[in-house]
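Since the structure comes first, as structure tokens, the remarks are kept for the end.
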Amino acid sequence: MPTLANYLLVSGLLFSIGLSAVLLRRNILIIFMGLELMLSASNLSLVAFSRFHLDLEGMPNYNAQVLVFFIITVAAAEVAVGLAIIVALYRAKQTTHVEDLNSLKF
Amino acid sequence: MQLALFWIFSILMLLFALGVVFFRSPVNSAMCLVMSFVALAALFVTLDAYFIGVVQVLVYAGAVMVLFLFIIMLLDLRSEENRRVKISAWVGGGLVVGGFVAALSHVLQSIPKLQAIKPDLSNPAVNDVAAVGVTLFRFFNLPLQIIGVLLLVATIGVVLLSKKELK
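Protein chains in written order, with this note's numbering: chain W, 1 to 106; chain D, 107 to 273.
If you want it as structure tokens, here you go:
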């Protein structure tokens, strides 16, 4: 049977892969995908904690699963708004490469 | 048996997540992201969270990824592939990520409570959707209403952002 440490390790590795996508890639769409990976990693550790910390009746802690439900909802809204902003940005600048988006740079 | 399934789906998920980072073309990255989310849904099922697994497939692998593919199709990203890779960025990013993984594995090994194996549920055939729904509507009713308003605001915002000329 897998232990809690296994789940947390996998969740941490998924988070670090998402972080590396944000740090290493210069395409704004791939950076956005990395953000989604990091959100999912936090969901995995929340569900793992809920399953390993049973309540008095021996059932999982469903509050954590409700929190994951809210996180997924907010992430869906975030993706819709973020992609609309990316499309507006592409219309204005004709690029999705973050190093070309340097209007604020002195 | 369950340990084998856990490792199979974990390794699948991590490999596809690595594909998101290392493929040059955004379409390949998006496809890897879909497979990674499906494997993550399988991991939720190994944790007896059937409702969350189904929502993960519906929302992430369904809605969010269709949105991503539409946007990739809408933007013409062919010039992206022949950019050269910056060595300094990869070294710096690798250092940050490696430090994070090292700190995490040290913490996981130093806490003995985390080595607990999965306790059995008192009622393994429980209706997971009903339990989450009761919790959601009984104890989290106000946040549920607020999240509905948030989705409405996001929809209106997206429509405004997508209009031809922003004023």
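Where is the CB? At the ideal position from N, CA and C, for every residue including glycine.
Grouping DSSP H, G and I as helix and E and B as strand, with all else coil, what is Asn102 of chain W?
Asn102 of chain W falls in the coil class under three-state DSSP.
Please list the residues of the stretch 108-123 of chain D that have a C-beta atom closer than 7 Å to any C-beta atom in chain W, keeping them in chain order.
Under the 7 Å Cβ criterion, the stretch 108-123 of chain D contributes Gln108, Leu109, Phe112, Ser116, Met119, Leu120 and Ala123.
Kindly confirm or deny that the stretch 132-147 of chain D and the stretch 111-123 of chain D touch, where touching means at least three C-beta pairs closer than 8 Å.
Taking 8 Å as the limit for Cβ pairs, the verdict is that the stretch 111-123 of chain D does touch the stretch 132-147 of chain D.
Are the C-beta of Leu29 of chain W and some C-beta of chain D separated by less than 8 Å?
Judged by the 8 Å Cβ criterion, Leu29 of chain W is in contact with chain D.
Cβ distance (whole Å) where Pro2 of chain W is taken to contact Phe112 of chain D below 8 Å:
Contact between Pro2 of chain W and Phe112 of chain D is confirmed by a C-beta separation of about 4 Å, below the 8 Å threshold.
Start and end residues, alpha helix (DSSP H) containing His212 of chain D
In the DSSP assignment, His212 of chain D falls within the unbroken alpha helix (DSSP H) covering Ile193 to Ser216.
How is Asn27 of chain W classed by DSSP in three states: helix, strand or coil?
In this structure, DSSP gives Asn27 of chain W an extended state, which the three-state scheme calls strand.
Distance between Leu258 of chain D and Leu14 of chain W (C-alpha atoms, nearest Å)
Distance between the alpha carbons of Leu14 of chain W and Leu258 of chain D is about 31 Å.
If you check the beta carbons only, do Val68 of chain W and Leu46 of chain W fall under 8 Å apart?
With respect to Leu46 of chain W, Val68 of chain W sits close: the two C-beta atoms are nearer than 8 Å.
Within the same chain, show all residues whose beta-carbon is closer than 8 Å to that of Ala155 of chain D, passing over the 5 residues directly before and after it, in chain order.
Excluding residues within five positions, the ones whose Cβ falls inside 8 Å are Asp234.
Kindly list the residues whose CB is nearer than 7 Å to the CB of Phe150 of chain D, restricted to its own chain and excluding five residues on each side of it in sequence; keep chain order.
Closer than 7 Å at Cβ, skipping near neighbours: Ile158, Gly159 and Gln162.
Note down, in chain order, every chain W residue with its Cβ under 7 Å from the Cβ of Val232 of chain D.
The answer, in chain order, is Met59.
For the alpha helix (DSSP H) containing Glu78 of chain W, name the first residue and the last one.
Start and end: Tyr62 to Lys93.
Buried/exposed call for Arg51 of chain W, threshold 16 Cβ in 10 Å
With 16 or more Cβ atoms within 10 Å of its Cβ, Arg51 of chain W is classed as buried.
The stretch 163-174 of chain D in contact with the stretch 132-143 of chain D per 3-pair CB rule at 8 Å
Taking a cut-off of 8 Å for Cβ pairs, the stretch 163-174 of chain D and the stretch 132-143 of chain D touch, as three or more such pairs fall below it.
Identity of the residue in W:His97, W:Leu104, W:Lys105 and W:Ala84 nearest Lys270 of chain D by Cα
The closest CA to that of Lys270 of chain D, considering only W:His97, W:Leu104, W:Lys105 and W:Ala84, is found on W:Ala84.
Short of 7 Å in beta carbon distance, which residues of its chain neighbour Leu242 of chain D, apart from the five on each side in sequence? Order them along the chain.
Close CB contacts of Leu242 of chain D within its chain, under the 7 Å cut and outside five residues either way in sequence, are with Leu250 (chain order).
Just checking: is the beta-carbon of Asn102 of chain W within a distance shorter than 8 Å of some beta-carbon in chain D?
It does not: the Cβ of Asn102 of chain W has no partner Cβ on chain D nearer than 8 Å.
Can you tell me whether Ile262 of chain D is buried or exposed? The criterion is at least 16 other CB atoms within 10 Å of its CB, across all chains shown.
Counting Cβ neighbours within 10 Å, Ile262 of chain D comes out exposed, since fewer than 16 surround it.
Can you list, in chain order, the residues of its chain with a C-beta nearer than 7 Å to that of Val133 of chain D? Leave out the 5 residues immediately preceding and following it.
Result list for Val133 of chain D: Ile178, in chain order.
Looking at Thr96 of chain W: is its Cβ nearer than 8 Å to the Cβ of Asn6 of chain W?
Result no, Cβ atoms of Thr96 of chain W and Asn6 of chain W do not sit closer than 8 Å.
Out of curiosity, what's the CA-to-CA distance linking His212 of chain D and Pro218 of chain D?
Straight-line spacing of the CA atoms in His212 of chain D and Pro218 of chain D works out to 12 Å.
Taking the alpha-carbon of Asn247 of chain D as reference, which of W:Asn63, W:Val22, W:Tyr90 and W:Glu99 has the nearest alpha-carbon?
Closest by alpha carbon: W:Asn63.
Can you pull the chain W neighbours of Gly263 of chain D, defined as C-beta to C-beta under 8 Å?
What Gly263 of chain D touches in chain W: Val81 and Ala84.
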